[in-house]
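Here's the structure we're looking at; comments come further down.
Protein chains in written order, with the numbering used here: chain A, 203 to 531; chain B, 203 to 531.
Now the structure itself:
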């Protein structure tokens, strides 16, 4: 059986310096009391932390390679939502034992993503305990360039990236709530659930163009409300405009709406931008290769609320359940 | 029952801005995708993360106020070991339920310590799951001023702060391994175990004076080896010089040595300094009010090893078991 130190060394520390070495990143490497990092001059560090718990955020038997990917991806998605460039991360890991095949796959999945984004593992902690993965990620963002939640302005367009709902649809298949229309849809939905793609390039390109932004982790309805509350504005959203995959149209209307509008685990960006930025937004979408769809409008200031409309502009009354970790859906 | 967002708001977010506001700390407060922080000009951020698991790092029925203190203290101790000034922290928390009395006491204990060190909670994550506390802490340290593990030099004195072994003695009482000699000792040992005092002022004062440093979390024997390995040197340690409390002398010799030399959870600093710094070290100890004791010497470079000697200089052969989270003691 591997000791804690052997385990850290074999699966993590040896690979901790894999991304391009930079003078300012972890000059100590792993193994001192602290890692040392500094943002480039004129920048600050954007910091986010996420904890993933077996049985809550993932099925205990999930492919460990996918889990390693997702554990880091959900954190990089937070950096994307701020317009920050990934820089480094720490990993704290509680493991019920030392399953070497599991650790190999988990670390492979995590480092494959880390290396794509030149994001260096700079420190961590391992312990025995019920499986729990806590990653804290650090990104660089120029002073005053961060995409905040409180910056939406009256008249702004509201956009989302990619398509929404596939991850929740995949979860529904696993739970037996519904079936996928075909094998390709099942596979795409599972991939959306297990291997979200953090919109890092999009977030960085939107900095200076978009007003407010966040990443959709708990479902569009709940997450858009965070922007509205912090910006003290209201919104109108055209539910028919919210982008979804073709496969999604195979689901019954109520299930489809639940997935798209309140599904969660999308890790797409929702952002607002002034109407005169429409051409710039279109160019950004093309340059980063991510579809960007206008779904609504920020209305005059007032009690934060979303008015849902169908494509013809008729009001809809929707009952949607956001994701709350203490009220399981 | 409290929802996740109410819980965050009531026990954490409202108090997240309690420490003295600084322009560079968390300009967003809690509630955006990321916190934003920047070290002062000429400084870098020292970062450490620690995960505490119920049943492994603490008894599930431990006083939650003490647990809140300790969860942050062990992280601040890592900053102290680098000579860094506490700046901010994030908290990720998995909770089996929402016990409001527990949360109140836990957050009180945590914020009492955070406020003493002007260390602001800038972000976090809460989820349901087996009790797990993951704190990541950020401190400021001037470029080239960090106390590293790889900087010990031949001829250096080796010091430890405070006394060692009390925390392990307290754990032994709780486990029924031995009894405390009296009520006062029992209380002092429990306090050492549950409310370690991070040596922040000491660490900062040692910056520029000491060579190598770390905090003793896994026991002196194992932790000193980290310095020796990274500095590629050997050490001689006088076991009779290693400071312990008077109560510790009531324990049988083998138990006492195990507690003092390999107990763990001490959160005292072990550091090396050149012999010509003895007066400076003495003054630092007086100024921060922490006893500093010289326990040994760094020997010429070679295969890292500790030669244990008694007070008369006679070699001792010790069998000590360090703490390994995958080989429970």
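Beta carbons are placed, not taken as given, at the ideal position from N, Cα and C, and that holds for glycine.
Because the structure is a prediction, the values reported are computed rather than measured.
1) Would you kindly check if the distance between the Cβ of residue 493 of chain B and the Cβ of residue 430 of chain B is under 8 Å?
2) For the alpha helix (DSSP H) containing residue 304 of chain A, list its first residue and its last residue.
3) Helix, strand or coil for residue 510 of chain A per DSSP?
4) Check whether the Cβ of residue 241 of chain A lies closer than 8 Å to any Cβ atom in chain B.
5) Buried or exposed for residue 228 of chain A, please, with buried defined as at least 16 other CB atoms from any protein chain shown within 10 angstroms of its CB.
6) Alpha carbon to alpha carbon, what distance is there between residue 519 of chain B and residue 295 of chain B?
7) Do residue 327 of chain B and residue 247 of chain B have their beta-carbon atoms positioned less than 8 Å apart in this structure?
8) What's the call for residue 378 of chain A, buried or exposed, on a 16-neighbour Cβ count within 10 Å?
9) With 16 other CB atoms within 10 Å as the buried threshold, where does residue 513 of chain A fall?
10) Taking 8 Å as the threshold (beta carbon to beta carbon), is residue 427 of chain A in contact with chain B?
11) When we look at the beta-carbon of residue 421 of chain B and count the other beta-carbons within 10 Å, is it buried (16 or more) or exposed?
12) So what's residue 330 of chain A in DSSP terms, helix, strand or just coil?
13) Would you say residue 466 of chain A faces chain B, with C-beta separation under 8 Å as the test?
14) With 8 Å as the C-beta to C-beta threshold (strictly closer), list the residues of the stretch 315-340 of chain A near chain B in chain order.
15) Let me know the secondary structure DSSP gives residue 438 of chain A once reduced to three states.
16) On the three-state DSSP scale, how would you describe residue 490 of chain A?
17) Starting from residue 255 of chain B, find everything on chain A with Cβ-Cβ shorter than 8 Å and list it in chain order.
18) Our contact map puts residue 277 of chain B next to residue 309 of chain B with C-beta atoms below 8 Å; I'd like the distance itself, whole angstroms only.
19) Note down the Cα distance separating residue 270 of chain A from residue 284 of chain A, rounded to an integer number of angstroms.
20) Which complete beta strand (DSSP E) runs does the stretch 248-311 of chain A hold, if anything under 3 residues is left out?
21) Quick one, which residues of the stretch 428-447 of chain B are near chain D if we go by CB-CB under 8 Å, in chain order?
22) Using 8 Å as the threshold, is the C-beta distance between residue 500 of chain B and residue 435 of chain B below it?
23) Please report the Cβ distance between residue 397 of chain A and residue 272 of chain A, rounded to the nearest whole angstrom; I am assuming they are in contact, meaning their Cβ atoms lie under 8 Å.
24) To the nearest angstrom, report how far apart residue 433 of chain A and residue 234 of chain B are at their CA atoms.
25) Tell me, please, whether the stretch 456-470 of chain B touches the stretch 362-372 of chain B by the rule of three or more beta-carbon pairs shorter than 8 Å.
26) Alpha carbon to alpha carbon, how far is residue 426 of chain B from residue 307 of chain B? Give it in angstroms, no decimals.
27) Would you say the stretch 254-261 of chain B touches the stretch 327-337 of chain A, given that touching needs at least three Cβ pairs under 8 Å?
28) Nearest CA to the CA of residue 268 of chain A: which residue from A/322, A/311, A/371?
29) Of all the options A/474, A/441, A/242, which has the alpha carbon lying nearest to the alpha carbon of residue 412 of chain A?
30) Is residue 230 of chain A close to chain B, meaning its C-beta is less than 8 Å from at least one C-beta of that chain?
31) What does the alpha-carbon distance come out to for the pair residue 490 of chain A and residue 399 of chain A?
32) If you draw a straight line from the alpha carbon of residue 373 of chain A to that of residue 297 of chain B, how long is it in whole angstroms?
33) Taking the alpha-carbon positions, what's the residue 259 of chain A to residue 287 of chain B distance?
Taking the coordinates as given:
1) Start at 1 with the first residue of the second chain, and residue 430 of chain B comes out as number 228. Start at 1 with the first residue of the second chain, and residue 493 of chain B comes out as number 291. No.
2) Position 102 of the first chain, counted from the start, is the residue given in the question as residue 304 of chain A. Residue 304 of chain A -> alpha helix (DSSP H) spans 302-318.
3) Within the first chain, the letter at position 308 stands for residue 510 of chain A. Here residue 510 of chain A sits in strand by DSSP.
4) Residue numbering aside, residue 241 of chain A sits at position 39 when the first chain is read from its first letter. Yes, its Cβ sits closer than 8 Å to a Cβ of chain B.
5) Counted from its first residue, the first chain places residue 228 of chain A at position 26. Confidence at residue 228 of chain A is low in this model, with a pLDDT of 44, below 50, so the placement of that residue should be treated as unreliable; the coordinate-derived value is given next. Flag for residue 228 of chain A reads buried.
6) Position 93 of the second chain, counting from 1, holds the residue named residue 295 of chain B. Position 317 of the second chain, counting from 1, holds the residue named residue 519 of chain B. Answer to the nearest angstrom: the Cα atoms are 43 Å apart.
7) Taking the first residue of the second chain as position 1, residue 247 of chain B is located at position 45. Taking the first residue of the second chain as position 1, residue 327 of chain B is located at position 125. Not in contact: residue 247 of chain B and residue 327 of chain B (Cβ atoms no closer than 8 Å).
8) The count along the first chain starts at 1 and reaches residue 378 of chain A at position 176. Residue 378 of chain A is exposed by the Cβ-count criterion.
9) Sequence index remark: in the first chain, residue 513 of chain A carries index 311 (1-based). By the 10 Å Cβ count, residue 513 of chain A comes out exposed.
10) Mapped onto the first chain, residue 427 of chain A falls at position 225. No, because no Cβ of chain B sits closer than 8 Å to the Cβ of residue 427 of chain A.
11) Numbered from its first residue, the second chain carries residue 421 of chain B at position 219. Classification of residue 421 of chain B: buried, given that the 10 Å Cβ count is 16 or more.
12) Reading the first chain from its first residue, position 128 is the one you call residue 330 of chain A. Residue 330 of chain A falls in the strand class under three-state DSSP.
13) By 1-based counting over the first chain, the position of residue 466 of chain A is 264. Judged by the 8 Å Cβ criterion, residue 466 of chain A is not in contact with chain B.
14) 324, 325, 326, 327, 328, 329, 330, 331, 332, 334, 336, 338, 340
15) For this step, residue 438 of chain A is matched to residue 236 along the first chain. In the structure shown, residue 438 of chain A sits in a strand (DSSP, three-state: E or B).
16) Position 288 of the first chain, counted from the start, is the residue given in the question as residue 490 of chain A. Helix at residue 490 of chain A.
17) Looking up residue 255 of chain B in the second chain gives position 53. What residue 255 of chain B touches in chain A: 296, 329, 330, 331, 332, 334.
18) By one-based count along the second chain, residue 277 of chain B stands at place 75. By one-based count along the second chain, residue 309 of chain B stands at place 107. No, residue 277 of chain B and residue 309 of chain B are not in contact; Cβ-Cβ is about 16 Å, not under 8 Å.
19) Counting from one through the first chain, the residue named residue 270 of chain A turns up at place 68. Counting from one through the first chain, the residue named residue 284 of chain A turns up at place 82. Approximately 22 Å between the Cα atoms of the pair.
20) 287-297
21) Here the protein chains are A and B, and chain D is not one of them.
22) Locating residue 500 of chain B in the second chain gives position 298, counting from the first residue. Locating residue 435 of chain B in the second chain gives position 233, counting from the first residue. Contact flag set, yes.
23) The residue given as residue 397 of chain A occupies position 195 in the first chain. The residue given as residue 272 of chain A occupies position 70 in the first chain. Indeed they touch by this definition, with Cβ atoms about 7 Å apart.
24) For the purposes of this step, residue 433 of chain A is identified with residue 231 of the first chain, where counting begins at 1. For the purposes of this step, residue 234 of chain B is identified with residue 32 of the second chain, where counting begins at 1. Straight-line Cα distance between these residues: approximately 12 Å.
25) yes
26) By one-based count along the second chain, residue 307 of chain B stands at place 105. By one-based count along the second chain, residue 426 of chain B stands at place 224. Taking the straight line joining both Cα atoms gives about 35 Å.
27) yes
28) Residue 268 of chain A sits at position 66 when you count from the first residue of the first chain. That would be A/311, whose Cα lies nearest to the Cα of residue 268 of chain A.
29) By one-based count along the first chain, residue 412 of chain A stands at place 210. That would be A/474, whose Cα lies nearest to the Cα of residue 412 of chain A.
30) As a first step, residue 230 of chain A is located in the first chain; it is residue number 28 there, counting from the start. Note that residue 230 of chain A scores a pLDDT of 47, beneath 50, so its modelled location is shaky; the value from the coordinates is reported in the next line. Yes, its Cβ sits closer than 8 Å to a Cβ of chain B.
31) Here residue 490 of chain A is taken as the residue at index 288 of the first chain, counted from 1. Here residue 399 of chain A is taken as the residue at index 197 of the first chain, counted from 1. Spanning the two alpha carbons is a distance of roughly 13 Å.
32) Counting from one through the first chain, the residue named residue 373 of chain A turns up at place 171. Counting from one through the second chain, the residue named residue 297 of chain B turns up at place 95. If I take the Cα positions, the gap works out to 23 Å.
33) One-based indexing of the first chain puts residue 259 of chain A at position 57. One-based indexing of the second chain puts residue 287 of chain B at position 85. Computed Cα separation, rounded: 35 Å.
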